[in-house]
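Undergrad: Handing you a structure now.
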Amino acid sequence: MQSNKVLTIEDISYVIKQKVIIENLELTGITAGDIQDTEPIFGEGLGLESVDTIYIVKGIEKEFGIKVDIKKINSLRKHFYSVETLAQYVLSHLQQTK
1 MQSNKVLTIE DISYVIKQKV IIENLELTGI TAGDIQDTEP IFGEGLGLES VDTIYIVKGI
61 EKEFGIKVDI KKINSLRKHF YSVETLAQYV LSHLQQTK
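My numbering applies: residue 1 is where the sequence shown begins, and numbers increase by one.
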């Protein structure tokens, strides 16, 4: 995903849904369109478990070329609430690195 193209929040949300969540976690029977931007990623909502956090972090790092300090995951938890909050986190991080 890393390129010189300016990504919109919609682009980022789609990549999070398709690449980071569905493909990275090898989920079957679900499409990016099935995942609501505002539904919780963990627990109720999408139903992922906290152990899946590491795979989401690695997917974010791979797809967007940003580093997420896993040691600070507790302070970053609010950003991992939904696709929407995660996309906003990624977008702000990408804008800081310009």
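Backbone N, C-alpha and C define an ideal beta-carbon position, used for all residues, glycine too.
Are the stretch 4-11 and the stretch 42-53 touching, with three or more C-beta to C-beta distances below 8 angstroms?
TA: They do not touch, by the three-pair rule.
Undergrad: Around the C-beta of residue 68, are 16 or more other C-beta atoms found within 10 angstroms, so that it is buried, or is it exposed?
TA: Residue numbering aside, residue 68 sits at position 68 when the sequence shown is read from its first letter. Classification of residue 68: buried, given that the 10 Å Cβ count is 16 or more.
Undergrad: So residue 13 and residue 57 are in contact, right, with Cβ under 8 angstroms, and what is the actual spacing, rounded?
TA: Position 13 of the sequence shown, counting from 1, holds the residue named residue 13. Position 57 of the sequence shown, counting from 1, holds the residue named residue 57. Not a contact, Cβ separation roughly 17 angstroms.
Undergrad: Is residue 39 close to chain B, meaning its C-beta is less than 7 angstroms from at least one C-beta of that chain?
TA: Absent here is chain B; the protein component of the structure consists of one chain.
Undergrad: Leaving out the 5 sequence neighbours to the left and right, which residues in its chain are closer than 7 angstroms to residue 53 when beta-carbon positions are compared?
TA: Locating residue 53 in the sequence shown gives position 53, counting from the first residue. Result list for residue 53: 73 and 80, in chain order.
Undergrad: Within the continuous alpha helix (DSSP H) that includes residue 73, where are the two ends?
TA: Start at 1 with the first residue of the sequence shown, and residue 73 comes out as number 73. Here the alpha helix (DSSP H) through residue 73 covers 73-76.
Undergrad: Alpha helix (DSSP H) containing residue 57: first to last residue?
TA: Your numbering for residue 57 matches position 57 in the sequence shown. Element bounds for residue 57: 53-64.
Undergrad: For residue 59 versus residue 15, is the C-beta distance shorter than 7 angstroms?
TA: In the sequence shown, counting from the first residue as 1, residue 59 sits at position 59. In the sequence shown, counting from the first residue as 1, residue 15 sits at position 15. Contact flag unset, no.
Undergrad: Can you give the Cα-Cα distance for residue 25 and residue 39, rounded to whole angstroms?
TA: The sequence position of residue 25 within the sequence shown is 25, counting from 1. The sequence position of residue 39 within the sequence shown is 39, counting from 1. Distance between the alpha carbons of residue 25 and residue 39 is about 17 angstroms.
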